[in-house]
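Presented below is the structure to which this report refers.
Number of protein chains: 2
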Amino acid sequence: MPRFPLVIQNLADSFSRLPGVGPKTALRFVFYLLRQKQDDNIKFAKAIEMLGSSIATCHVCQNFSEKNPCAICSDKNRDQAVICVVAEHQDLPVIENTGEYLGAYHVLGGVLDPLHGITPDQLKIKELIYRVQNNNIKEIVLALNPDLEGETTILYLTKLIKSFDKNSVIKITRLARGLPIGADLEYADEVTVSDALKGRKEL
Amino acid sequence: MPRFPLVIQNLADSFSRLPGVGPKTALRFVFYLLRQKQDDNIKFAKAIEMLGSSIATCHVCQNFSEKNPCAICSDKNRDQAVICVVAEHQDLPVIENTGEYLGAYHVLGGVLDPLHGITPDQLKIKELIYRVQNNNIKEIVLALNPDLEGETTILYLTKLIKSFDKNSVIKITRLARGLPIGADLEYADEVTVSDALKGRKEL
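Sequence lines, in order, name chains G and A. Everything in the first sequence is counted per the UniProt record's numbering, starting at 1 for the first residue and increasing by one. Everything in the second sequence is counted per the UniProt record's numbering, starting at 1 for the first residue and increasing by one.
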């Protein structure tokens, strides 16, 4: 006898494919939905179904969007000569939410990680270089995580962009490193404190 | 400008209603689905849609099932005179997976927790009593968690069933308490060790 009705088992299988969801959590999700109103579940189902048909990838910045080019790339009020390079789609709203940035974006789709088989050709680097070569770009902000893979990608991109930009017209920048707000100096690691010292600001 | 296309935002909202899923995890799920094959997503959507139409609650044991009464309640090879009472739907397969139990089940839909407003009328206790009064029940196994709410529910149900069962025909049992397999006596709490001592078995 199957442990659960097939409909429940199938849905649990679909849920357990999501990142960080194991078979037990997947079942919890299914039982939660079973207790919900059928209308809400149909809305949920429709939302998943509509993903493929209504979401496209912006051919300029590689972000998911309903339009192509996306709202940010086609916004005349934003400085299209500044490109903020982020690793994942999720990173874009983090920058956007600060309200401090009014340029364009470029979503790489990951960071270089040769040990796990992520090489430059698997990221949207070709597309970034195309933008750099075919537009008057003033600045590229490399907004990648300050970890091993992020730093490797920053080094790689910096070298690559400089090789195309013989006259050094493009300013390449990275996010500042230092103590995060609310941090405790006592527990901060040496690299962070060293970064904070090197980048100290006059008051 | 909305932070994300509406389709993405709507789906993230649906995901974030699932237990233990916050807005960030919900977005991770959506971005994961965006990278999947459209076919798989449609299958996922269909599975959610089908929940309401193909899953019913068994009117006997209150378990979710494709049939009513469910496969377990209508199985002639199982001892329908023994009822194992579990709190949640998820608990049923845990008992079933042991392969040790060949009776029927009853899903309460929770445990008594007056502090959080869960009173007897919100659980499927009425349905349990109906089964006890209208069938020749030999044994009721109360397979509830050995925590405060579970123990309260065990006490309540025992008293209630005994009040209907004047001649004490029905044996009411509970799961044994003791050391779980692989436990370390050194780190076991006093109550568990005390339970294990009281329930010690001759070899």
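For each residue, glycine too, the CB sits at the ideal point set by N, CA and C. Here the structure is a predicted model, which means the values were calculated and not measured.
The beta carbon of Pro120(A) does not come within 8 Å of any beta carbon belonging to chain G, so the residue lies off that interface. Contact note: Gln62(A) does not reach chain G at a C-beta cutoff of 8 Å; the least C-beta distance is about 12 Å. For the pair of segments examined, the region 127–143 of chain A was found to touch the region 170–182 of chain A: the number of CB pairs separated by less than 8 Å reaches three. Under the three-state reduction of DSSP output, Ser163(G) falls in the helix class.
In the DSSP assignment, Arg174(G) falls within the unbroken beta strand (DSSP E) covering 171–174.
The C-beta distance from His106(A) to Cys61(A) rounds to 5 Å, short enough to fall under 8 Å. Ranking Ala104(G), Val86(G), Ala183(G), Asp113(G) by CA distance to the CA of Asn135(G) puts Ala104(G) first. Contacts between Gln38(A) and chain G, judged by CB atoms closer than 7 Å, involve Gly52 in chain order. Taking the C-beta atoms as reference points, Glu66(G) is found nearer than 8 Å to Pro5(A). In the DSSP assignment, Ala196(G) falls within the unbroken alpha helix (DSSP H) covering 190–198. Put simply, the CB of Tyr32(G) is near chain A, with a gap under 8 Å to one of its CB atoms. If you draw a straight line from the Cα of Asn77(A) to the Cα of Ala47(G), it comes to about 43 Å. Of all residues in the UniProt domain "Toprim" (81–180) of chain A, those with a C-beta nearer than 8 Å to a C-beta of chain G are Glu88, His89, Gln90, Pro93, Glu96, Asn97, reading in chain order. Beta-bridge partners of His106(G) (DSSP): Val85(G). Neighbourhood of Lys43(A) in chain G, by CB distance below 9 Å: Asn10, Ser14, in chain order. At a C-beta separation below 9 Å, Pro23(A) has no neighbours in chain G, since its nearest C-beta there lies roughly 11 Å away.
Bounds of any alpha helix (DSSP H) do not take in Ala183(G), whose DSSP letter is neither H nor E. Closer than 8 Å to the CB of Ser65(G) there is at least one CB belonging to chain A. Spanning the alpha carbons of Leu123(G) and Glu100(G) requires a straight line of approximately 26 Å. For Leu203(A), there is no enclosing beta strand (DSSP E), as DSSP gives it neither H nor E. For the pair Ile161(A) and Ile129(A), the Cα-to-Cα distance works out to about 7 Å. Spanning the alpha carbons of Phe44(A) and Gln80(G) requires a straight line of approximately 38 Å. With a threshold of 8 Å between beta carbons, Ala183(G) makes no contact with chain A.
Interface annotation, Pro5(A): in contact with chain G, CB-CB separation under 8 Å. Cβ-Cβ distances below 6 Å link Thr152(G) to Leu112 in the same chain, with the five nearest sequence neighbours on each side left out; the list follows chain order.
Distance from the Cα of Thr192(G) is smallest, within the candidate group Leu203(G), Ala56(G), Pro120(G), Pro146(G), for Pro146(G).
In the three-state DSSP reduction, Thr57(A) falls in the strand class (E or B). The beta-carbon of Ala47(A) is placed less than 8 Å from the nearest beta-carbon of chain G. At a cut-off of 8 Å between C-beta atoms, Arg78(G) does not count as an interface residue with respect to chain A.
Counting only Cβ-Cβ distances below 9 Å, Pro69(A) has no contacts in chain G at all, with the closest Cβ about 13 Å away. The shortest C-alpha to C-alpha distance from Asp121(G) to any of Leu92(G), Lys201(G), Asp13(G), Leu157(G) is the one to Leu157(G). Counting only Cβ-Cβ distances below 7 Å, Leu203(A) has no contacts in chain G at all, with the closest Cβ about 34 Å away. Look at Arg28(G): its C-beta is under 8 Å from a C-beta on chain A. If you look at Leu115(A), you'll find it isn't in any alpha helix (DSSP H); DSSP assigns it neither H nor E. Taking C-beta atoms under 8 Å as the contact rule, Gly110(G) and Ala87(G) qualify, at a distance of about 6 Å.
Under the three-state reduction of DSSP output, Ala143(G) falls in the strand class.
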